[in-house]
Amino acid sequence: MPDIKTQPWEIIRGYIDADDKDALLRFLEELPPGDTARAFSRLGEDDCNRAFRLLGPEDAADVLEELADAQGADILEDLPIHEAASIIEEMESDRRADILGELDEDDAEAILRQMAPEEAEDARELLRYDDDTAGGIMITEYLSYPETCTVIEVQEDLRKKANSQSDVGIQYAYVESKNGKLVGVLQLRDLFFAPTDTPIRAIMVVNPIFVFTNTHLDELDDLFERYPFWGLPVVDESGVLQGIVRRADVVEAWGEVQGRSLLRFGGIVFGEELRNMPLRERSSRRLSWLFVNMGLSILAASVVLGHQETVNRLFALVFFMPIICNMSGCSGNQAVAVSIRELTLGIIKPEDYFHVWRKELAVGLINGLVLGCCMGAIASVFWDETAFLGVVVGAAFTLNTLVAVSLGGLIPLLLRHFKIDPALGAPPMLTTLTDMCGFIFVLGLARLAIEAGLI
0 MPDIKTQPWE
10 IIRGYIDADD
20 KDALLRFLEE
30 LPPGDTARAF
40 SRLGEDDCNR
50 AFRLLGPEDA
60 ADVLEELADA
70 QGADILEDLP
80 IHEAASIIEE
90 MESDRRADIL
100 GELDEDDAEA
110 ILRQMAPEEA
120 EDARELLRYD
130 DDTAGGIMIT
140 EYLSYPETCT
150 VIEVQEDLRK
160 KANSQSDVGI
170 QYAYVESKNG
180 KLVGVLQLRD
190 LFFAPTDTPI
200 RAIMVVNPIF
210 VFTNTHLDEL
220 DDLFERYPFW
230 GLPVVDESGV
240 LQGIVRRADV
250 VEAWGEVQGR
260 SLLRFGGIVF
270 GEELRNMPLR
280 ERSSRRLSWL
290 FVNMGLSILA
300 ASVVLGHQET
310 VNRLFALVFF
320 MPIICNMSGC
330 SGNQAVAVSI
340 RELTLGIIKP
350 EDYFHVWRKE
360 LAVGLINGLV
370 LGCCMGAIAS
380 VFWDETAFLG
390 VVVGAAFTLN
400 TLVAVSLGGL
410 IPLLLRHFKI
420 DPALGAPPML
430 TTLTDMCGFI
440 FVLGLARLAI
450 EAGLI
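Under numbering that gives the first Met the number 0, the residue at position 455 of the sequence shown is numbered 454, and the numbers go up by one with no gaps.
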C-alpha cells in the first residue's frame, strides 16, 4: 500500500520497477483522469515506454485515452512502430484519429501500415475531416440495421455484439435503406416492448435529426444545447450513414478549441505545447512568433524617432506614452474578446462590421473620456509648469481608446472573412496599430501645442 503522501508518478515508477502489472492496473483505475495525465507527464521517456509495455495494448490504450492528444502522441513516437500500432488499434475510432493527427505524417503512416487493414482504412477516412467538424469528432462504432429486419433479428445481433459494443455506450441503433441511407433511429428500449416479429421500420423514429460530416462544431454545440440527445447520426452528402457524434465528444472538442484559441492568443501558434515536450521543440515554437512580434514592435517604436525634438522639449511625455498605449491595448483586447465570442456563438457575422463598429465606438467614447480625464488631471497636477500637458494627454488617451476599440471589434471580423483564426492574428495586429496610433496622437498633439505656444 503506497504512502498517501507519495506522488502518483513515484508510485507508478515503483510498480514499473517491480514489474507488477496487476498493482499498476489497480492503481491507474483508481486514479482520477486528470491525475493520470499529470503523472505520465512527470515520468521520463524510458519509464513511459516501460509502463506501456508492462500494461499491454488494451490497457495501454485505456490509459492513452485519458491523456491529452499531444501527450499521447509523444509517448507513441518513442515506442516501436508495431507496439504503437497495436495500442492504437484498441482505441475508439475518434481518439485513434486524434492521436494519429498529432503525429508527423510519416510516423502516422508507418503506424497505419502496421495496423489491421480495416482499422487503418477507418482511421484514414476520419483523418480526412477537419477537427472542428462532425466528421472529425464522430465515432464509427455504431449499430445499424436494414429497415427490413425484425425485432428478434436485432435482439439476437445485440447479444452477439454485447462484448464488442460494451465500451461504446450505445443507446440507439440506426435504420438504413438498402443503399445505406439513414431512414430512422431505433431506441433500444423499444425492442423490449414490441412483438418479436415486428419489422423495425414500424417502431423506428422517422425523419430523425442528423448532421453532415462537414457540420461545424459551433452548429453541433447549438444542436446539443437545444436537444437532450446522447448522440446524433452523421451522414455524407448522399445521406449515407457515416458515424455518430456524441454529446460528450462535442463538449470535449469545444474545450479543446477554446484551449487552442487561448494558446494562439498567447502566441503558441504551431500546435499544442506541454512542458514535458522536448526543450528545443518548445523553444522553436515560441521563438517563431516572438520574432514576428519583435518586428512589429520595432515598427511601432519607429514612430518616436520622427518626434525626437518634441520628446526633448517635453520629456514628461515619456512617462505617459506607455500608459496610453498599454491602456488602449487593454480596451482593444476587450473588444477583440467580445467579437471572437460573438462570432463563435453566431451572433455576428463578418459582414456586420458597421453594427460592431457603432457599438464599440459608443463604449469606447465613454471609457476613453472617463479614463482620459483621469490621466489628464494627473498630468496637470504633477506637471503644473506645463498645465496644457493634461489636455494633450487626455485627448490622446481618448482618441487612442476610440481607435483601439474600433480595431479590436473589427479585426476579428476581417480575419474571419479571410478564413484566418481571429485568436491568432488579432493580438499582434491590435498591439502594433494601437502603439503606433498612441505614439502619433501623443507626440503629434504635443508638437501642435508647442508650435502654438500652449506648452
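Even glycine gets a Cβ: it sits at the ideal position worked out from N, Cα and C.
Cβ pair Ile87, Phe51 closer than 8 Å: Here residue 87 refers to the residue found at position 88 of the sequence shown. Here residue 51 refers to the residue found at position 52 of the sequence shown. No; because the gap between Cβ atoms is not below 8 Å, this pair is not in contact.
Locate the beta strand (DSSP E) running through Glu146, then write down its first and last residues. Within the sequence shown, the letter at position 147 stands for residue 146. Note, Glu146: premise wrong, no beta strand (DSSP E); not H, not E.
Can you list, in chain order, the residues of its chain with a C-beta nearer than 6 Å to that of Met0? Leave out the 5 residues immediately preceding and following it. Here residue 0 refers to the residue found at position 1 when the sequence shown is read from its first residue. At Met0 the pLDDT is 49, less than 50, meaning the model places this residue with poor confidence and gives no usable figure here.
When you compare the CB positions of Asp217 and Ile136, do they come within less than 8 Å of one another, or not? In the sequence shown, residue 217 corresponds to position 218, counting from 1. In the sequence shown, residue 136 corresponds to position 137, counting from 1. Taking 8 Å as the Cβ cut-off, Asp217 and Ile136 do not qualify as a contacting pair.
Cβ distance (whole Å) where Glu89 is taken to contact Ala60 below 8 Å: The residue you call residue 89 lines up with position 90 of the sequence shown. The residue you call residue 60 lines up with position 61 of the sequence shown. The Cβ separation is near 4 Å, so the contact holds.
If contact is defined by three or more beta carbon pairs under 8 Å, each pair taking one atom from either stretch, is the region 204–214 in contact with the region 99–109? no
Pick from Ile439, Ser176, Gln170 and Asp131: whose alpha carbon is nearest that of Cys148? Taking the sequence shown and counting its residues from 1, one reaches residue 148 at position 149. Minimum Cα distance to Cys148 is reached at Ser176.
Is the beta carbon of Glu140 closer than 8 Å to that of Val182? Taking the first residue of the sequence shown as 1, we reach residue 182 at position 183. Taking the first residue of the sequence shown as 1, we reach residue 140 at position 141. No, the Cβ-Cβ distance between Val182 and Glu140 is not below 8 Å.
Work out the CA separation of Cys324 and Asn366 for me, nearest whole Å. As a position in the sequence shown, residue 366 is number 367, starting the count at 1. As a position in the sequence shown, residue 324 is number 325, starting the count at 1. Each residue's Cα considered, the two are about 15 Å apart.
The alpha helix (DSSP H) spanning Ile377 covers which residue range? Sequence index remark: in the sequence shown, residue 377 carries index 378 (1-based). Start and end: Tyr352 to Phe381.
In the DSSP assignment, what are the bridge partners of Phe211? Walking along the sequence shown from the start, residue 211 turns up at place 212. BP columns for Phe211 point to Val234.
Here's the rule: buried if 16 or more other CB atoms are within 10 angstroms of the residue's CB, otherwise exposed. What is Asn311? In the sequence shown, the residue the question calls residue 311 occupies position 312. Result: exposed.
Using the C-alpha atoms, what's the distance from Arg245 back to Glu29? Translated into the one-based positions of the sequence shown, residue 29 becomes position 30. Translated into the one-based positions of the sequence shown, residue 245 becomes position 246. One C-alpha to the other measures close to 25 Å.
Whole-angstrom C-beta distance between Leu406 and Gly294, which should lie under 8 Å: Looking up residue 294 in the sequence shown gives position 295. Looking up residue 406 in the sequence shown gives position 407. Wrong, their Cβ atoms sit about 19 Å apart, outside the cutoff.
Any alpha helix (DSSP H) of 4 or more consecutive residues that is wholly inside the region 307–345: 307–312 and 316–344
Spatial neighbours of Arg225 within its chain, please: C-beta separation below 8 Å, excluding the five flanking residues on both sides. By 1-based counting over the sequence shown, the position of residue 225 is 226. Cβ neighbours of Arg225 beyond the five flanking positions: none.
Please report the straight-line C-alpha distance between Leu23 and Ile11, rounded to a whole angstrom. On the sequence shown, residue 23 is found 24 positions in, with the first residue counted as 1. On the sequence shown, residue 11 is found 12 positions in, with the first residue counted as 1. Between Leu23 and Ile11, the C-alpha separation is close to 6 Å.
Apart from the five residues just before and just after Ser301, which ones in its own chain have a Cβ nearer than 7 Å to its Cβ? The sequence position of residue 301 within the sequence shown is 302, counting from 1. Nothing meets the Cβ criterion.
DSSP three-state label for Leu406, please. Residue numbering aside, residue 406 sits at position 407 when the sequence shown is read from its first letter. DSSP places Leu406 in helix when its eight states are reduced to three.
Expressed to the nearest angstrom, what Euclidean distance is found between the alpha-carbon atoms of Phe290 and Ile297? Residue numbering aside, residue 290 sits at position 291 when the sequence shown is read from its first letter. Residue numbering aside, residue 297 sits at position 298 when the sequence shown is read from its first letter. Distance between the alpha carbons of Phe290 and Ile297: 11 Å.
Inter-stretch contact at 8 Å, needing at least 3 Cβ pairs: the region 151–161 / the region 187–197: yes
Tell me Leu185's beta-bridge partners as DSSP assigns them. Here the question's residue 185 lines up with position 186 in the sequence shown. Ala172, per the DSSP bridge assignment.
Between which two residues does the beta strand (DSSP E) harbouring Leu453 extend? Walking along the sequence shown from the start, residue 453 turns up at place 454. Per DSSP, Leu453 belongs to no beta strand (DSSP E) and is neither H nor E.
Excluding the 5 residues preceding and the 5 following Tyr144 in the sequence, name in chain order all residues of the same chain whose CB lies nearer than 8 Å to its CB. Taking the sequence shown and counting its residues from 1, the one referred to as residue 144 is at position 145. Only Glu152, Val153, Asp156, Ala172, Tyr173, Val174, Glu175, Leu185 and Ile199 meet the Cβ criterion.
Here's a check: name, in chain order, each residue in its chain whose Cβ is nearer than 6 Å to the Cβ of Thr309, leaving out the five neighbours to either side. Stepping through the sequence shown from its first residue, residue 309 is reached at position 310. Once the five neighbours on either side are set aside, the close Cβ partners of Thr309 are Leu442, Ala445 and Arg446.
Could you spell out where the alpha helix (DSSP H) holding Leu27 opens and where it closes? Position 28 of the sequence shown holds residue 27. Segment Lys20 to Glu29, the alpha helix (DSSP H) holding Leu27.
Closest by C-alpha distance to Ala316, when choosing among Thr385, Phe228, Ile339 and Val335: One-based indexing of the sequence shown puts residue 316 at position 317. With the sequence shown as reference, residue 316 is identified as Leu, and Ala is not the correct amino acid for it. Comparing Cα positions, the closest option is Thr385.
Going by other Cβ atoms of all chains shown within 10 Å of its Cβ, with 16 needed for buried, is Trp382 buried or exposed? Taking the first residue of the sequence shown as 1, we reach residue 382 at position 383. By the neighbour-count rule (16 or more Cβ atoms within 10 Å), Trp382 is buried.
Residue burial classification, Asp93 (beta-carbon count within 10 angstroms, cutoff 16): If you number the sequence shown from 1, residue 93 lands on position 94. By the neighbour-count rule (16 or more Cβ atoms within 10 Å), Asp93 is buried.
Whether Gly242 touches Val233 by CB criterion (8 Å): On the sequence shown, residue 242 is found 243 positions in, with the first residue counted as 1. On the sequence shown, residue 233 is found 234 positions in, with the first residue counted as 1. Contact flag set, yes.
Using only the alpha-carbon positions, how far apart do Glu101 and Lys348 sit? For the purposes of this step, residue 101 is identified with residue 102 of the sequence shown, where counting begins at 1. For the purposes of this step, residue 348 is identified with residue 349 of the sequence shown, where counting begins at 1. Their backbone Cα atoms lie some 31 Å apart in a straight line.
Simplified DSSP state of Ile455, which is helix, strand or coil: Residue numbering for the chain in the displayed model covers 0 to 454; residue 455 lies beyond these limits and cannot be assessed.
Please report how far the alpha carbon of Ser379 lies from the alpha carbon of Phe438, in whole angstroms. Start at 1 with the first residue of the sequence shown, and residue 379 comes out as number 380. Start at 1 with the first residue of the sequence shown, and residue 438 comes out as number 439. Using only the alpha carbons, I get a separation of about 20 Å.
Boundaries of the alpha helix (DSSP H) in which Ala59 is found, first to last residue: The count along the sequence shown starts at 1 and reaches residue 59 at position 60. First-last of the alpha helix (DSSP H) with Ala59: Pro56 to Leu63.
Classify Pro198 as helix, strand or coil using the three-state DSSP reduction. One-based indexing of the sequence shown puts residue 198 at position 199. Looking at Pro198 - three-state DSSP - the assignment turns out to be strand.
With 16 other Cβ atoms within 10 Å as the buried cut-off, status of Asp68: Counting from one through the sequence shown, the residue named residue 68 turns up at place 69. So Asp68 ends up on the buried side.
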